[in-house]
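Below is one structure, written out as structure tokens, with a few remarks after it.
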Amino acid sequence: MSDATTEETVQLNDVDIAYLLSILRDYNRPQPISTQQLIDELRTRTPRG
Amino acid sequence: MASTQVAFRGSVADKELADQLFQVMSGFARFSSYDAPIRLSTAALSEFMGTIDMEATPEKLQSLAKSNSTVFAIEVGDEETFIVTTRAGRSPVATSTDSDHTFAVRFMTPLPKPERTTPVRPRVVAPESSWIRDVFVPTGSLDVIAASAAAVPAAARVVEQAPVETPAPELTFESESTPVADRVEDEVLAEPEAAIPAPRTITVPPVMVQPTSLPQAAVTPDPVASEPVLSVPAPSVPVQSFGGVDDVRLATAIGDRLRMDPRVANFGDDWMLEERVPRLGRNDLRRLREYLQEQEQPLTDEVLAQDVLGGRPGSPDFEQLRFAVNFRLSREHREFDFVGTRNQRFWSTGSLPQIGTTRKKPTEIATDYRVIAEDPSQQAEPRSVASIDHVLTFYEYTLGLLPYDRDLQGLLPAPLMPNQRSSVLTFECPQSYTTYLVELRYPTPNRGGFILGLDDFYNENLVPGALLSIERTENDGHYLVRHIQEKPTSARMLELEDRRQRYVFRPTTYACGVFDDYLLTEDRFGNLAQEKPLDEKSRRRPESVVSASFDRIGRKLETGTGFAATFNELFAVTNIERPFAEGYLRNLLDSDESGAFAKDPDTDDGYTYVPGSTS
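So the protein sequences, as listed, match chains A and B.
Reminder that position 22 of the first sequence reads as 95 in the numbering used here, one-by-one numbering, no gaps.
Reminder that position 222 of the second sequence reads as 267 in the numbering used here, one-by-one numbering, no gaps.
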């Protein structure tokens, strides 16, 4: 697991995008989904590996 | 018609009589089909035969039929006896209709669907790189894969295959270990479970793929190894933790990546999968356009979704419908313009009447405010201040506008969409319970920005020189505008008479707080009466406007060669002709290279103007 620090330019990798797409595909979530909701999901995601 | 030759039995006379009988019966049913039964009573036949000189009693006919049973049949009825034959010369055979396989029956009772065994495909355990990109593997799934792989027989094992970069030979299947003869022998002697295919190597044909970050995997049987060896291709891109990243930068990163993905639909801060966004047909777009034209003003996405598309606020799919309105209309650049903000999404279409004054073209107003666009000190971060105060000038009052200067830039939102030229905002005046639709025109590189549409608010509540405050709300498209309420005061105030195009003073009653130095009353600026507005050429030169303002204020120097005025007087009068920001006017007066304008040492914050130095 790597940390994106405050100094670096933040870039999402393929796993992050796949995770966001899986959230957008979730039929149980009210649509549309706001950017803030996506940010919260990224922050609260349990890291693996 | 060919007659049927039939052989009869009996004597010659009987044969002749039988032949006559057959001819009579065939002639009677000559239009019947060959195998249709011809049924006639013996009495009727006997009577007819008598008429053709062939005497035959019914009994005789019956005996003839009996002796030629292959040709005739005898049916005994209740009262009569019938002789039956066919035109084919055969005794009729009882037939029955076979209805077992009629088309109608097969239609109504179709055969049951044949049972087919579905082919079982071997499941590939290792995910492909493209799948990894699209689907998030939840936490712990790799552990599950590892656990399940341990239970898999050694025959199906996942091994890594290095990415292929160079063309490989053609597809070949070759046996690695035993020759054919030995293999046949082994198959005969082997136990049932030994029928597993012999180990082999599958060489994948050349596929010119770009090496990806994730290794590709192939399923290869490996019965030799005793210990199960599992190598699951772990993604080379690690899962990041965004604990130390602020929301703004994370939102930018999300937007940068998702906006490039054609599967994702975005409008403002909202995201959906494109395939799940409701679609609007040509008819829907036409109705939306016509409704906007009918209402003669920009409308919000909520109104459009509700009034035109029939959505119900509060229903589960209403937000999706709103998103569809925004997302789909944003793709129709030719017909629809987005003129809203993040929270209040207005849409407009061509040929809508202009919001605000028609006294001056918006492009001319924007040119007048060019000084704001060119002044770096007039730039501010959008939505960085909660409220502003502003003193109304004559120029702003007459045209019902506000400059998009540093103060308003800090209060109002930036354009939401790229290439968005204007935003429609709502200004609510709680003191008069009135909400005004105003249009914020964003600046361009060589033209300034401004707000149009406050004519009525000004005319009903304010005068030039009045103080007003604008306060933002949580909705970035809605603002509260207030003025200071005072006791009604009457004065003769400056106005521009449209018909004659002259400045006049008219009695006016106002009940708002004013900044006295900026008040354009007849008492202070009587020289302005019957003055004409400056011509366009003089108006375009700020120095000319300032010198004309000195002249209009009309306070001559004691030397008689020039004029004097305070800064506030100059600010009020110059803003009659064109907009002057305080800083801009101060800079013009202080740094005049011609020497026409100078500080007045005798007056507090005063300036002098000596004609002749500038035209």
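Glycine included, every Cβ here is placed at the ideal spot set by N, Cα and C.
Just so we're clear, the structure is a prediction, and the values are computed from it rather than from any experiment.
- Message: Quick check: the Cα distance between Q50 (chain B) and A133 (chain B), rounded to an integer number of angstroms?
- Response: Between Q50 (chain B) and A133 (chain B), the alpha-carbon positions lie close to 9 Å from each other.
- Item | V293 (chain B) and A626 (chain B) closer than 8 Å at C-beta | The answer is no: Cβ separation not under 8 Å.
- Closer than 8 Å by beta-carbon distance: list the chain A residues that pair up with F368 (chain B), in chain order. For F368 (chain B), the residues of chain A that pass the 8 Å Cβ criterion are Q104, P105, in the order they occur in the chain.
- Query: Any residues in the stretch 84 to 101 of chain A with a beta carbon nearer than 7 Å to a beta carbon of chain B? Which ones, in chain order?
  - Reply: Close to chain B, meaning a Cβ-Cβ distance shorter than 7 Å, are the following residues of the stretch 84 to 101 of chain A: Q84, L85, N86, D87, V88, D89, I90, A91, Y92, L93, L94, S95, L97, R98.
- Limits of the alpha helix (DSSP H) - the one that N504 (chain B) falls within: Looking at the DSSP string, the run of the alpha helix (DSSP H) that includes N504 (chain B) is 500 to 506.
- Item | Members of the stretch 388 to 411 of chain B near chain A, C-beta cut-off 7 Å | Listed by position along the chain: nothing, the set is empty.
- Message: Taking the beta carbon of G493 (chain B) as the centre, do at least 16 other beta carbons fall within 10 Å, making it buried, or is it exposed?
- Response: Within a 10 Å sphere around the beta-carbon of G493 (chain B) sit 16 or more other beta-carbons, which makes this residue buried.
- Item | Alpha-carbon to alpha-carbon, R428 (chain B) and L457 (chain B) | In this structure, the straight-line span from the alpha carbon of L457 (chain B) to that of R428 (chain B) is close to 5 Å.
- Item | Paired residues, beta bridge with I119 (chain B) - DSSP | For I119 (chain B), DSSP records a beta bridge to B:I128.
- Query: Thinking just about the alpha-carbon of each residue, which of B:V322, B:S396, B:E364, B:A89 is nearest to the one in R390 (chain B)?
  - Reply: Of the candidates B:V322, B:S396, B:E364, B:A89, the residue whose Cα lies closest to the Cα of R390 (chain B) is B:E364.
- Message: Give me the subset of the stretch 488 to 508 of chain B whose CB atoms are less than 8 Å from a CB atom of chain A, sorted by chain position.
- Response: Listed in sequence order: no entries.
- Check whether L512 (chain B) and F560 (chain B) have beta carbons under 8 Å apart: Cβ atoms of L512 (chain B) and F560 (chain B): closer than 8 Å.
- Message: I want to verify the contact list: residues of chain A whose CB lies under 8 Å from the CB of Q365 (chain B), in sequence order.
- Response: For Q365 (chain B), the chain A residues whose Cβ falls inside 8 Å of its Cβ are Q104, P105, in order along the chain.
- Message: Does any residue of chain A have a CB that is nearer than 8 Å to the CB of F642 (chain B)?
- Response: Taking Cβ atoms only, chain A never reaches closer than 8 Å to F642 (chain B), which makes this a no.
- Query: Between which two residues does the alpha helix (DSSP H) containing M94 (chain B) stretch?
  - Reply: Unbroken alpha helix (DSSP H) run through M94 (chain B): 87 to 96.
- Whole-Å CB distance - T554 (chain B) paired with S535 (chain B), under 8 Å assumed: Contact annotation, T554 (chain B) with S535 (chain B): C-beta distance approximately 5 Å; criterion of less than 8 Å satisfied.
- Task: Classify D649 (chain B) as buried or exposed, calling it buried when 16 or more other Cβ atoms lie within 10 Å of its own Cβ.
- Result: So D649 (chain B) ends up on the exposed side.
- Using a cut-off of 7 Å between C-beta atoms, extract the partners of A298 (chain B) located in chain A. Within chain A, the residues near A298 (chain B) are V83, Q84, L85.
- Item | Runs of alpha helix (DSSP H) wholly within the stretch 474 to 553 of chain B (minimum 4 residues, chain order) | Annotation: the stretch 474 to 553 of chain B contains the following complete segments of the alpha helix (DSSP H) (minimum length 4 residues), in chain order: 500 to 506.
- Specify the secondary structure class of S56 (chain B) as computed by DSSP and reduced to three states. In the structure shown, S56 (chain B) sits in coil (DSSP, three-state: anything other than H, G, I, E or B).
- Message: Between the alpha carbons of P343 (chain B) and E484 (chain B), how many angstroms are there, rounded?
- Response: Rounded to whole angstroms, the gap between the alpha carbons of P343 (chain B) and E484 (chain B) is 10 Å.
- Message: Within the continuous beta strand (DSSP E) that includes P578 (chain B), where are the two ends?
- Response: Judged by DSSP secondary structure, P578 (chain B) falls outside any beta strand (DSSP E); it is assigned neither H nor E.
- 3 or more residues per run - each beta strand (DSSP E) lying fully within the stretch 556 to 635 of chain B: The beta strand (DSSP E) runs of length 3 or more contained entirely in the stretch 556 to 635 of chain B are, from start to end of the chain, 608 to 611.
- Could you have a look at V469 (chain B) and say whether DSSP puts it in helix, strand or coil? Reduced to three states, the DSSP call for V469 (chain B) is strand.
- Message: Let me check one thing: in DSSP terms, what residues is T653 (chain B) bridge-paired to?
- Response: For T653 (chain B), which the question treats as bridged, DSSP gives the partners B:A609, B:A643.
- At a Cβ threshold of 8 Å, is R321 (chain B) touching chain A? Judged by the 8 Å Cβ criterion, R321 (chain B) is in contact with chain A.
- Task: Thinking F642 (chain B) and V591 (chain B) are a contact (beta carbons under 8 Å), I'd like their distance in whole angstroms, please.
- Result: With 8 Å as the limit, F642 (chain B) and V591 (chain B) qualify as a contact, their Cβ atoms being about 7 Å apart.
- At least 3 beta-carbon pairs within less than 8 Å: the stretch 572 to 580 of chain B vs the stretch 606 to 616 of chain B: In short, these stretches do not touch, since the Cβ pair count stays below three.
- Message: Using C-beta distances below 7 Å, list every residue in its chain close to F312 (chain B), excluding the 5 sequence neighbours before and after it, in chain order.
- Response: Around F312 (chain B): F368, N371, F372, S375.
- Cβ of E441 (chain B) within 8 Å of Cβ of L525 (chain B)? Against a cut-off of 8 Å, the Cβ pair of L525 (chain B) and E441 (chain B) comes out as no contact.
- Message: Less than 8 Å between the C-beta atoms of E20 (chain B) and R600 (chain B), yes or no?
- Response: Missing from the structure shown is residue 20 (chain B); chain B here goes from 46 to 660 and no further.
- Compare the beta carbon distance of L444 (chain B) and K405 (chain B) with 8 Å and say whether it is the shorter of the two. Yes; because the gap between Cβ atoms is below 8 Å, this pair is in contact.
- Task: Kindly confirm or deny that the stretch 101 to 119 of chain B and the stretch 144 to 161 of chain B touch, where touching means at least three C-beta pairs closer than 8 Å.
- Result: With a cut-off of 8 Å, the stretch 144 to 161 of chain B and the stretch 101 to 119 of chain B do not count as touching, because too few Cβ pairs lie within range.
- Task: Give the residues of chain A in contact with R302 (chain B), contact being defined as C-beta atoms less than 7 Å apart.
- Result: Contact of R302 (chain B) with chain A by beta-carbon distance below 7 Å involves L85, I90.
- Measure from the C-beta of V549 (chain B) to each C-beta in chain A and report whether the shortest distance is under 8 Å. No - not a single Cβ of chain A is within 8 Å of the one on V549 (chain B).
- Message: Any C-beta of chain A within less than 8 Å: which residues of the stretch 335 to 353 of chain B qualify?
- Response: Of all residues in the stretch 335 to 353 of chain B, none has a Cβ within less than 8 Å of some Cβ in chain A.
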